[in-house]
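S.K.: Chains as they are written, first to last, in our numbering: chain A, 49 to 346; chain B, 49 to 346. Ideal Cβ placement from N, Cα and C applies to all residues, glycine included.
There are 2 protein chains.
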Amino acid sequence: MNETGRPQDFPLSNPRADRVRDVAKLAGRPARLKRGQFLAEGPQAVGEALALHQKRIAAGEPGIVREVFASGACLDRHPELEKLAEGTNARLATDDVLAAMADTVNPQGIIAVCTFLDVSLEEVLDAAPKLIAVLCQVRDPGNAGTVLRAADAAGADAVVLTGSSVDIYNPKAVRSTAGSLFHLPIVLGADVAELVARCKERGIGVLAADGYGQLNLDRLQDENAARRLGASAAESAYALEKPTAWLFGNEAQGLSEDEIALADHRVAVPVYGEAESLNLGTAATVCLYASARSQQAP
Amino acid sequence: MNETGRPQDFPLSNPRADRVRDVAKLAGRPARLKRGQFLAEGPQAVGEALALHQKRIAAGEPGIVREVFASGACLDRHPELEKLAEGTNARLATDDVLAAMADTVNPQGIIAVCTFLDVSLEEVLDAAPKLIAVLCQVRDPGNAGTVLRAADAAGADAVVLTGSSVDIYNPKAVRSTAGSLFHLPIVLGADVAELVARCKERGIGVLAADGYGQLNLDRLQDENAARRLGASAAESAYALEKPTAWLFGNEAQGLSEDEIALADHRVAVPVYGEAESLNLGTAATVCLYASARSQQAP
């Protein structure tokens, strides 16, 4: 920051500059993998990235925001971002430069280059997680981001993506998380069989979300509520308050038979109408909230 | 159908023919409104459209499929569609023609021209509905379709869109419903105030889904479960098994204060993590399933 309170008043103005192109390349996977960096676009995502960055710096850990580029108009509309960007490598840029850097048609005036956030499975498991969402072969970036956002809302402790899933650092996936990517630990490139074995070692139950599952999620919730409220002494088929990893499958095919066979139970969200199924994001939300409700109940 | 079992073996092959252009125009709202017709694309949507068409014809009602265009390869993969299309105005078409007709890059070999399906609010209310999803100022076709699909899965009796909402006959909205558009009655162009007044006259409770709502949906479900299971004699703030219309708002702004004021209660899906909120599709799913669970409970 300089004395006017603005990151270097002289804005980047050449959309064809190498520096601008380097940022734009992060919309592609090869550049992301090579540099270990990805893009956050728009005030919400950049705000969450900066908040996490400052929290880490304050804790003596490495930050996660490498560069911020913003228009003056955006900083006028969002003065909180200017404050959050203090001490970071922030620059003003013209709308042309921001448009050239961004994956979106409308980058909303601010872009940050962030370093990869993913952690190891070991790190997640060592923190004694109660709720984990596992995405197996999920292909659509919007779906992956939606599930990550729902996992965050349900208070999940981590999201794990298998090696065959979409890249969560894809700009569309980052957008769909609505900032949740910066809220909870993510593990990438996991092997489902290994993950399940590690969960079981630590007493974490594994449920496969599967439209053809033999356990009905609503009945399971009723059984759990009855037991919790003392209205029934019967054990439910699965105690939802238990630490749980939910496996969610590919949007078109669901989980493979091999993946399902790894789980303790296959659980279906019941369909009361004529729909063939729910879509991935909505089904995952109902499952994660069922666990959260039981885990959070007094 | 001719004797070879194929709708007119000689396929439409000129992608620039007037007939082809007329179909393609239905991707735009003016042509849809003028003709009262819309497009269903792909085997799933066309299959559901044809199933509804045949059901209506069998009941002595007017059908809803005006024309079907399919490639021979698609009918080879989906012989059930050929059977469903019997008696309809079906034609073979080349891939070029189908691509020219379709809104999607990949129309999956089959397209149907359907007549508008929406019914009047009166017709819906006369059928004594137990669960209605109301979309207020929802702008994104994908979101509208996702909520409609979730409403179908939750066994809702109808979906109502206000006049300020996106056109549900938009091809992207139709796709997002995954066939559910053909499963339950829809009402278009509703006025929220009038709708709420009519619901209240008939004893249908009105809940506003609102992140800032004073009622917590999970607590409400627990209270209802406790009462249902005899673990508590206390009245819950709202009996979820009651016939209910849920109001869902715009994806960015939520419901307006005026809309919220019309409802009996404003209800929030609790956020247990750091996410600011759920997205519209996932929040609506959790709300509709909460009602469905209570309504379906023994």
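#1: What is the residue span of the alpha helix (DSSP H) that histidine 101 of chain A lies within?
#2: Spatial neighbours of alanine 75 of chain B within its chain, please: CB distance less than 6 Å, with the 5 preceding and 5 following residues excluded, ordered by chain position.
#3: By alpha-carbon positions, which one of A/Val208, A/Ala316, A/Pro233 and A/Thr136 ends up nearest to leucine 98 of chain A?
#4: Chain B beta carbons: is any one of them nearer than 8 Å to that of aspartate 200 of chain A?
#5: Taking just the CA atoms, how far does valine 317 of chain A sit from aspartate 239 of chain A?
#6: For the putative contact between valine 195 of chain A and alanine 332 of chain A, defined by C-beta atoms under 8 Å, what is the C-beta separation to the nearest angstrom?
#7: Within the stretch 255-311 of chain B, note down every full alpha helix (DSSP H) run reaching 4 residues or more, in order along the chain.
#8: What does a CB cutoff of less than 8 Å around glutamate 283 of chain B pick up in its chain, not counting 5 residues either side in sequence?
#9: Using DSSP with H/G/I as helix, E/B as strand and the rest coil, what is arginine 314 of chain B?
#10: Output needed for glycine 329 of chain A: all residues of its chain with C-beta closer than 7 Å, excluding positions within five of it in sequence on either side, in chain order.
#11: Go ahead and label phenylalanine 58 of chain A buried or exposed: buried means 16 or more other beta carbons lie within 10 angstroms of its beta carbon, across all protein chains shown.
#12: Go through the stretch 123-209 of chain B residue by residue and report every complete run of the beta strand (DSSP E) that reaches 3 residues or more, in order.
#13: Given threonine 210 of chain A, which residues of its chain have a CB within under 6 Å of its CB, disregarding the five upstream and five downstream residues?
#14: Would you say the stretch 251-268 of chain B touches the stretch 305-313 of chain B, given that touching needs at least three Cβ pairs under 8 Å?
#15: Since alanine 122 of chain A and isoleucine 180 of chain A are thought to touch, with beta carbons under 8 Å apart, how far apart are those beta carbons, to the nearest angstrom?
#16: Please determine, among B/Val71, B/Leu277, B/Ser61 and B/Val182, the residue with the shortest C-alpha to C-alpha distance to leucine 243 of chain B.
#17: Count the other C-beta atoms from every protein chain shown that fall within 10 angstroms of the C-beta of asparagine 272 of chain B, then say buried if there are 16 or more, exposed otherwise.
#18: Would you be able to state if there are at least three C-beta pairs under 8 Å between the stretch 92-109 of chain A and the stretch 221-232 of chain A?
#19: Below 8 Å between beta carbons is the criterion; list the residues of the stretch 257-283 of chain B that meet it against any residue of chain A, in chain order.
#20: Can you find a CB in chain A that lies within less than 8 Å of the CB of valine 319 of chain B?
#21: DSSP state of arginine 246 of chain B, grouped into three classes?
#22: Report buried or exposed for alanine 300 of chain A, applying the criterion of at least 16 other Cβ atoms within 10 angstroms of its Cβ.
#23: Could you name the residues of chain A that histidine 126 of chain B contacts, counting a contact when the two beta carbons are closer than 7 Å?
#24: So, is the C-beta of glutamate 322 of chain B closer than 8 Å to a C-beta in chain A?
#25: Using only alpha-carbon positions, find the residue among B/Leu236, B/Ala206, B/Arg223 and B/Ala202 that is nearest to valine 214 of chain B.
#26: Just to confirm my understanding: we take arginine 246 of chain A, look at its own chain, exclude 5 residues before and 5 after, and list those with CB closer than 7 Å. What are they?
#27: Determine the burial state of serine 61 of chain A: buried for a count of at least 16 other Cβ atoms within 10 Å of its Cβ, exposed for fewer.
#28: Using a cut-off of 7 Å between C-beta atoms, extract the partners of histidine 231 of chain B located in chain A.
M.R.: In this structure, then:
#1: Position 53 of the first sequence, counting from 1, holds the residue named residue 101 of chain A. Where histidine 101 of chain A is concerned, the enclosing alpha helix (DSSP H) stretches over 91-106.
#2: For the purposes of this step, residue 75 of chain B is taken as the residue at position 27 of the second sequence. Cβ within range, chain order: Asp151 and Pro219.
#3: Numbered from its first residue, the first sequence carries residue 98 of chain A at position 50. Measuring from the Cα of leucine 98 of chain A, the nearest candidate turns out to be A/Thr136.
#4: Counting from 1 along the first sequence, the entry for residue 200 of chain A is found at position 152. Interface residue, yes.
#5: Here residue 239 of chain A corresponds to residue number 191 of the first sequence, with the count starting at 1. Here residue 317 of chain A corresponds to residue number 269 of the first sequence, with the count starting at 1. Using only the alpha carbons, I get a separation of about 25 Å.
#6: Sequence index remark: in the first sequence, residue 195 of chain A carries index 147 (1-based). Sequence index remark: in the first sequence, residue 332 of chain A carries index 284 (1-based). That belief holds up - the Cβ atoms of valine 195 of chain A and alanine 332 of chain A are roughly 5 Å apart, short of 8 Å.
#7: 265-276 and 305-310
#8: Residue mapping note: residue 283 of chain B aligns to position 235 of the second sequence, counting from 1. Contacts found: Arg275.
#9: By 1-based counting over the second sequence, the position of residue 314 of chain B is 266. The answer is strand: DSSP assigns arginine 314 of chain B an E or B state.
#10: The residue labelled residue 329 of chain A in the question sits at position 281 within the first sequence. Only Asn191, Thr194, Val195 and Ala198 meet the Cβ criterion.
#11: For the purposes of this step, residue 58 of chain A is taken as the residue at position 10 of the first sequence. By the neighbour-count rule (16 or more Cβ atoms within 10 Å), phenylalanine 58 of chain A is not buried but exposed.
#12: 138-140, 158-163 and 179-183
#13: Start at 1 with the first residue of the first sequence, and residue 210 of chain A comes out as number 162. Within the same chain, threonine 210 of chain A has close Cβ partners Cys184, Ala238 and Val240.
#14: yes
#15: Within the first sequence, numbered from 1, the residue matching residue 122 of chain A stands at position 74. Within the first sequence, numbered from 1, the residue matching residue 180 of chain A stands at position 132. First, the residue type needs correcting, since residue 122 of chain A is cysteine and not alanine in the sequence shown. Cysteine 122 of chain A to isoleucine 180 of chain A, Cβ: 36 Å. No contact.
#16: For the purposes of this step, residue 243 of chain B is taken as residue 195 along the second sequence, with counting starting at 1. For leucine 243 of chain B, the nearest C-alpha among the options comes from B/Val182.
#17: Looking up residue 272 of chain B in the second sequence gives position 224. Label assigned to asparagine 272 of chain B: buried.
#18: yes
#19: Asp266, Gln269, Asp270, Ala273, Ala274, Leu277, Gly278, Ala279 and Ser280
#20: Sequence index remark: in the second sequence, residue 319 of chain B carries index 271 (1-based). Cβ-Cβ to chain A under 8 Å: yes for valine 319 of chain B.
#21: Taking the second sequence and counting its residues from 1, one reaches residue 246 of chain B at position 198. Helix at arginine 246 of chain B.
#22: Numbered from 1 along the first sequence, position 252 holds the residue referred to as residue 300 of chain A. Exposed, by the Cβ-count rule.
#23: Here residue 126 of chain B refers to the residue found at position 78 of the second sequence. Correct list: empty, because the minimum Cβ distance to chain A is about 15 Å.
#24: Along the second sequence, one-based indexing puts residue 322 of chain B at 274. Cβ-Cβ to chain A under 8 Å: yes for glutamate 322 of chain B.
#25: Against the second sequence, residue 214 of chain B aligns to sequence position 166. Nearest C-alpha to valine 214 of chain B: B/Leu236.
#26: By 1-based counting over the first sequence, the position of residue 246 of chain A is 198. The answer, listed in chain order, is Leu169 and Leu173.
#27: In the first sequence, residue 61 of chain A corresponds to position 13, counting from 1. By the 10 Å Cβ count, serine 61 of chain A comes out exposed.
#28: The count along the second sequence starts at 1 and reaches residue 231 of chain B at position 183. Within chain A, the residues near histidine 231 of chain B are Gly321, Glu322 and Ala323.
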